[in-house]
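Take a look at the structure below.
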Amino acid sequence: MLPLERFRLDGRTALVTGASSGIGAALALALAQSGATVIAAARRIDRLQAVVTDIVAAGGQAHAVELDVTDSESIRAAFDRAEQLADTVSILINNAGVAEPSRFMSTDAASRDKVMATNFEGVWDLTQEAARRLLAAKRPGSIVNIASILGLGAGVGYASYAASKAAVIQLTRVLALELGRSGIRVNSIAPGWCVTEMNDEFFASDAGKALANRSPSGRTGELHELVGPVLLLASDAGSYINGVVLPVDGAHTVALV
Ligand SMILES: NC(=O)c1ccc[n+]([C@@H]2O[C@H](COP(=O)([O-])OP(=O)(O)OC[C@H]3O[C@@H](n4cnc5c(N)ncnc54)[C@H](OP(=O)(O)O)[C@@H]3O)[C@@H](O)[C@H]2O)c1
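If you count by my numbering, then the sequence shown holds residues 18 to 274, one letter each, in order.
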């Protein structure tokens, strides 16, 4: 097989959570363009339909499936639907996430619980559902968790978010050990700042522009810059990569200031 062919995902079914916007929508398109049948999952079904329309127009295969990652019944139903529409999910991109930035002393328990339920427990529950089905079918798989540089370093105002992403990174490592011998790899990427609906107001502000300027690359990341790393981890090109957290951040996490 030629080197680039190992990145192809033909015949695979890939479920992308949070595919209705931002990073998830970009990854859904990229996985479909690499040959996977994509299950684009999130709560906003109208936005998912638009993503699916774009993928089909680009020659890919995709289906919109409603999913709330904080609801275990919704998770089971989404995997059932994926199997009806395509096949057993063998690539899971745990991308859905929320950020509710606020200083620790002003963050209430409801906000903390929402961030943890979405960013951490959602990853836990989806991965368990995916792995249960892969193990039953005796099939290999690849799980890619979208963590964050805030799972590796700290930022004022990000107590719940940073804790949730650090938890995802440690979960990634433990699951790599527990599931690897069954052919299921579990990896993470830790993106640096990319402008999406999660933060576009901030990056339009003077403080946002200053933050981008201060970072080693002097800019925010582009969504297409996450595609190569995710494809590497999701595909057979990364078949001996298991348990890593790969920063994709223009050296943000290696800077001392
Ligand atoms: N942008 C950045 O700078 C950056 C940096 C590092 C990491 N990340 C991570 O990248 C991921 C994607 O974020 P983004 O920047 O692309 O922001 P975004 O455009 O706001 O996307 C967030 C996605 O998560 C989905 N989501 C939220 N709660 C959900 C739930 N309960 N069930 C299902 N889906 C849910 C949303 O879909 P619905 O509302 O339709 O459900 C949406 O598609 C997140 O995990 C984020 O933490 C982002």
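We put the beta carbon where it would ideally sit given N, CA and C, even for glycine.
Going by C-alpha distance, which of R25, L26, V55 and G28 is nearest S37? By one-based count along the sequence shown, residue 37 stands at place 20. Out of R25, L26, V55 and G28, V55 has the C-alpha closest to the C-alpha of S37.
Are the segment 142–161 and the segment 209–223 touching by the rule of at least three beta carbon pairs closer than 8 Å? The segment 142–161, when compared against the segment 209–223, does not touch it at the 8 Å Cβ threshold.
Does the beta-carbon of P208, which I'm using as the reference point, lie nearer than 7 Å to any heavy atom of ligand 1? Translated into positions along the sequence shown, residue 208 becomes position 191. Within the cutoff, so yes.
Cβ-heavy atom distance, R60 to ligand 1, below 7 Å: In the sequence shown, the residue the question calls residue 60 occupies position 43. Taking 7 Å as the cut-off, the C-beta of R60 counts as close to a heavy atom of ligand 1.
Validate contact between the segment 58–67 and the segment 82–90 using beta carbons, cut 8 Å, 3 pairs: Pairwise C-beta distances place the segment 58–67 in contact with the segment 82–90, as three or more of them are shorter than 8 Å.
Report the CB separation of A268 from S234 in whole angstroms; it is logged as a contact under 8 Å. Mapped onto the sequence shown, residue 268 falls at position 251. Mapped onto the sequence shown, residue 234 falls at position 217. 7 Å between Cβ atoms; contact.
Any chance the CB of E100 is under 7 Å from a heavy atom of ligand 1? Taking the sequence shown and counting its residues from 1, the one referred to as residue 100 is at position 83. Incorrect: E100 has no Cβ contact closer than 7 Å to ligand 1.
What three-state label does DSSP hand S177 in the structure shown? Within the sequence shown, the letter at position 160 stands for residue 177. Of the three classes helix, strand and coil, the one that applies to S177 here is helix, per DSSP.
With a threshold of 7 Å on Cβ separation, who are the neighbours of Q50 within its own chain once the five nearest residues in sequence on each side are excluded? Within the sequence shown, the letter at position 33 stands for residue 50. Sequence-distant partners of Q50 (beyond 5 residues in either direction) whose C-beta falls short of 7 Å from its own C-beta, in its chain, are A75 and G77.
Inter-stretch contact at 8 Å, needing at least 3 Cβ pairs: the segment 176–186 / the segment 224–238: Counting Cβ pairs under 8 Å, fewer than three are found: no touch.
Less than 8 Å between the beta carbons of V68 and A94, yes or no? Along the sequence shown, one-based indexing puts residue 68 at 51. Along the sequence shown, one-based indexing puts residue 94 at 77. At the C-beta level, V68 and A94 stay beyond 8 Å of one another.
Here's a check: name, in chain order, each residue in its chain whose Cβ is nearer than 7 Å to the Cβ of T105, leaving out the five neighbours to either side. To locate residue 105, count along the sequence shown from 1; it is residue 88. Non-local C-beta neighbours of T105 in its own chain, meaning closer than 7 Å and more than five positions away in sequence, comprise T30, R150, L151, A154 and R156, ordered along the chain.
Quick check on the burial criterion: 16 or more other C-beta atoms within 10 angstroms. Buried or exposed for P264? Your numbering for residue 264 matches position 247 in the sequence shown. Buried is the label assigned to P264, since at least 16 other Cβ atoms lie within 10 Å of its Cβ.
Using a threshold of 7 Å, is the CB atom of M18 nearer than that to any non-hydrogen atom of ligand 1? If you number the sequence shown from 1, residue 18 lands on position 1. Checking every heavy atom of ligand 1 against the Cβ of M18, none is found closer than 7 Å.
Could you check if A42 is buried or exposed, using at least 16 other CB atoms within 10 Å of its CB as the buried criterion? Taking the sequence shown and counting its residues from 1, one reaches residue 42 at position 25. By the neighbour-count rule (16 or more Cβ atoms within 10 Å), A42 is buried.
Where the alpha helix (DSSP H) through G245 begins and ends: Position 228 of the sequence shown holds residue 245. DSSP places G245 in the uninterrupted alpha helix (DSSP H) bounded by V244 to A251.
Specify the secondary structure class of S128 as computed by DSSP and reduced to three states. Translated into the one-based positions of the sequence shown, residue 128 becomes position 111. Helix.
Pick out whichever of L194, F137, S252 and T270 has its Cα sitting closest to the Cα of P20. Locating residue 20 in the sequence shown gives position 3, where the first residue counts as 1. Minimum Cα distance to P20 is reached at S252.
Does DSSP put L109 in a helix, a strand or coil? Translated into the one-based positions of the sequence shown, residue 109 becomes position 92. Here L109 carries a strand assignment [DSSP, helix/strand/coil].
Should T144 be counted as a contact of ligand 1 given a C-beta to heavy atom distance under 7 Å? Residue numbering aside, residue 144 sits at position 127 when the sequence shown is read from its first letter. Not under cutoff, so the answer is no.
What separation, rounded to the nearest whole angstrom, lies between the Cα atoms of G197 and A224? Indexing the sequence shown from 1 puts residue 197 at position 180. Indexing the sequence shown from 1 puts residue 224 at position 207. Within the model, the alpha-carbon separation for G197 versus A224 is close to 43 Å.
Output needed for V185: all residues of its chain with C-beta closer than 8 Å, excluding positions within five of it in sequence on either side, in chain order. As a first step, residue 185 must be located in the sequence shown, where it is residue number 168. Contacts found: N111, N136, F137, V140, N162, A164, G168 and S205.
Is L84 close to ligand 1? I mean its beta-carbon at under 7 Å from any heavy atom of the ligand. Position 67 of the sequence shown, counting from 1, holds the residue named residue 84. Result yes, Cβ under 7 Å from ligand 1.
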